[in-house]
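The numbering of the sequence shown is our numbering, which starts it at 1195 and goes up by one. For glycine and all other residues, C-beta sits at the position ideal for the given N, C-alpha and C. All figures in this text were calculated on a predicted structure; none of them were measured in a lab.
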Amino acid sequence: MPQIERNGVKLSYRVTDSDGPPVLFVHGFPLDSALWDPQIEALGEAYRCITPDLMGFGDSDAPDDPDRYSMDSYAYDLIAILDDCEVERAAVCGLSMGGYVTFALLERAPERVNALVFADTRAEPDTPEGVATRTEQQDRVRAEGPGFLVDLLVGGPVLSDHTREHKPDVVEQARRVMDNPAAGFIGALEAIKLRPDSSELLPRIDVPTLFVVGENDAITPPEISRDMHSRVSGSQLAVVPDAGHLSNIESPAAFNGALAGLLGSL
Ligand code: MLT
């Protein structure tokens, strides 16, 4: 797995051995790059798929200081990874927190982006109640580790009932990609709760854009994607059947079809 170092932090990423156009995949919270395995399997030969582990997750370092984590710091890490791959512009596909990071990347370095996929995400920041819940979760992760939050997410809002009832392997897969250090959880929660409002970026987007969302996403329900879609002229919307918040692993064929449609149109 290639690694770079930025500000003393080691960052790992995977990249497929392809001469095709580059696609940068940004995972959500509290996941890692393995989230994108079904997309790499389907698209990794035709596209140069770059899948980083954000700081705090997977094989990347997880600094203890939560103040080091922000959507901007994640975005600058991604820019450093694109530089390391000698990629000037990539299609960027971010799921949930990965979408928040994608907005930050778009704000800081729009010249590095030639297409956008926002999966199961939103542009608005947390409400004050949401921020308070994140702080409680940080305190609890500090006290007892992240297991309770993994149980809460996998048993609750992250997967659709259909997935929980019919796809035990996907439930296991979701659990596996959440096996990350406490410092990564705490740092990402800090970044999430302090993230800015990115709504104003939507009408300014001028690259091909796809919004994709699980039809039963309980964290970022389809109306949120419909609303973002209505604010980005020429954008596409795909609602993925039988899927919750992790639409790319719950219904990979439908997700990949929508993604391939956008990428094929570039
Ligand atoms: C994610 O999947 O990245 C999280 O659900 C994001 C969030 O909790 O806001």
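When the distance is taken between beta carbons, is proline 1224 closer than 8 Å to leucine 1404?
-> Position 210 of the sequence shown, counted from the first residue, corresponds to residue 1404. Position 30 of the sequence shown, counted from the first residue, corresponds to residue 1224. Going by C-beta atoms, leucine 1404 is not nearer than 8 Å to proline 1224.
Could you check if glycine 1306 is buried or exposed, using at least 16 other CB atoms within 10 Å of its CB as the buried criterion?
-> For this step, residue 1306 is matched to residue 112 along the sequence shown. Here the sequence assigns arginine to residue 1306, which means glycine is not the residue at that position. With a 10 Å radius around the Cβ and a threshold of 16 neighbouring Cβ atoms, arginine 1306 comes out buried.
Can you tell me whether DSSP reads leucine 1347 as helix, strand or coil?
-> As a first step, residue 1347 is located in the sequence shown; it is residue number 153 there, counting from the start. Helix at leucine 1347.
7 Å Cβ shell around proline 1402 - same chain, five flanking residues per side excluded | Numbered from 1 along the sequence shown, position 208 holds the residue referred to as residue 1402. Same-chain partners within the cutoff: Ala1309, Leu1456, Ser1459, Leu1460.
Roughly how many angstroms lie between the CA atoms of alanine 1228 and valine 1371, to the nearest whole one?
-> In the sequence shown, counting from the first residue as 1, residue 1228 sits at position 34. In the sequence shown, counting from the first residue as 1, residue 1371 sits at position 177. The straight-line gap from Cα to Cα measures roughly 6 Å.
Flag isoleucine 1386 as yes when its Cβ comes closer than 7 Å to any non-hydrogen atom of the ligand MLT, and as no otherwise.
-> The sequence position of residue 1386 within the sequence shown is 192, counting from 1. Yes, since a heavy atom of the ligand MLT falls inside the 7 Å radius drawn around the Cβ of isoleucine 1386.
Of the listed residues Val1286, Glu1318, Cys1243, nearest to aspartate 1421 (C-alpha basis) = Within the sequence shown, numbered from 1, the residue matching residue 1421 stands at position 227. Considering only Val1286, Glu1318, Cys1243, the residue with the shortest C-alpha distance to aspartate 1421 is Glu1318.
With a CB to CB cut of under 7 Å and the five nearest residues on each side skipped, what residues in its chain are close to serine 1264?
-> On the sequence shown, position 70 is the one that residue 1264 refers to. Only residues of its own chain outside the window of five on either side were considered, and among them Ala1385, Leu1388 have a CB closer than 7 Å to the CB of serine 1264, listed in chain order.
Could you check what DSSP says for proline 1416 in three-state terms: helix, strand or coil?
-> Within the sequence shown, numbered from 1, the residue matching residue 1416 stands at position 222. In the three-state reduction of the DSSP assignment, proline 1416 falls in the helix class, which pools H, G and I.
Under the three-state reduction of DSSP, which class applies to glutamate 1318: helix, strand or coil?
-> Mapped onto the sequence shown, residue 1318 falls at position 124. The DSSP-derived three-state label of glutamate 1318 is coil.
If we call anything under 8 Å between Cβ atoms a contact, is phenylalanine 1251 one with glycine 1378?
-> Position 57 of the sequence shown, counting from 1, holds the residue named residue 1251. Position 184 of the sequence shown, counting from 1, holds the residue named residue 1378. In this structure, glycine 1378 lies closer than 8 Å to phenylalanine 1251 by Cβ.
Which of helix, strand or coil DSSP assigns to glycine 1455 | For the purposes of this step, residue 1455 is taken as residue 261 along the sequence shown, with counting starting at 1. DSSP places glycine 1455 in helix when its eight states are reduced to three.
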